[in-house]
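This report concerns only the one structure given below.
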Amino acid sequence: MLRTTLGTLICAVSLLFSFHSAAHGELMVSEAKVRTFLPASESSVGYLTLMNHSDHDRVLKKVEIETLGRVEIHTHEHKNGMMQMRKLEELQVPAHQTLVFQPGGLHLMLFAPSQKLVAGEQLKMTLYFADGDRVFTQARIYNLLEQSQDNNSDEHQHHHH
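In structure tokens:
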């Protein structure tokens, strides 16, 4: 009896993991990056691109990044003629859509690092969805100088179009 129950449990767990792996092809993350903390700053920021290739909407509930005590999902919105940042408890990811986390829009706010973030290194990032699915990726650490150079090259490219 115990062998049958154990065998059934192993089959069920194997089936669960194979389904879980297949779901990762429907949700993809690219260009994940987090900025080093500025001196005396209690927060920093993170960006990524999140693609939902499935036929149904998904709901992002939270993001965790190793060595960071807290990560919040935020957006910017215009309110009374002012741009305001607002924390989101969850984020709808529509079917067959791509969400770009970028300055002035969706972004991650990062708090309470347990160690110094070093530009060029990577941190494990985990995205948790309402249906229990998780997506794992690596987030590249960059510094403000690199961000400034990226912005200047973007502006430079826009002038040539």
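Heads up: the sequence shown runs through residues -8 to 152, numbered per the working numbering.
The beta-carbon is built from N, C-alpha and C at its ideal position, and this holds for glycine as well.
All values reported here derive from a predicted model rather than from experimental measurement.
For PHE92, the closest of GLY123, MET19, ASN43, GLY37 by C-alpha to C-alpha distance is GLY37.
Along the length of the stretch 79 to 122, whole beta strand (DSSP E) runs at least 3 residues long occupy 82 to 84, 88 to 91, 98 to 104, 113 to 120, reported in chain order. Per DSSP, HIS44 is not a residue of any beta strand (DSSP E), being assigned neither H nor E.
Here ALA110 has THR27, ILE132, TYR133, ASN134, GLU137 as same chain residues with Cβ atoms under 8 Å from its own Cβ, once five neighbours each way along the sequence are excluded. Between GLN88 and the set GLY96, PHE120, GLY60, ARG49, the nearest pair of CA atoms involves ARG49.
In this chain, the beta strand (DSSP E) harbouring LEU59 covers 59 to 70. Under the three-state reduction of DSSP output, LEU135 falls in the helix class. Closest by C-alpha distance to HIS69, out of GLY95, PRO85, VAL84, is GLY95. Between LYS78 and VAL54, the alpha-carbon positions lie close to 13 Å from each other. Annotation for ALA121: VAL50, LYS52 place their beta carbon closer than 6 Å to its own, counting only its chain and skipping 5 residues before and after.
Nearest neighbour of LEU97 by Cα position, chosen from PRO104, VAL84, LEU59, turns out to be VAL84.
Residue pairing of ALA130 in beta bridges, as defined by DSSP: LEU114. Distance from the Cα of PRO30 is smallest, within the candidate group VAL62, VAL126, LEU108, for LEU108.
Around the beta carbon of SER34, fewer than 16 other beta carbons sit within 10 angstroms, so the residue counts as exposed. One Cα belongs to GLY72, the other to HIS65, and the distance between them is close to 19 Å. For SER21, the enclosing beta strand (DSSP E) begins and ends at 18 to 26.
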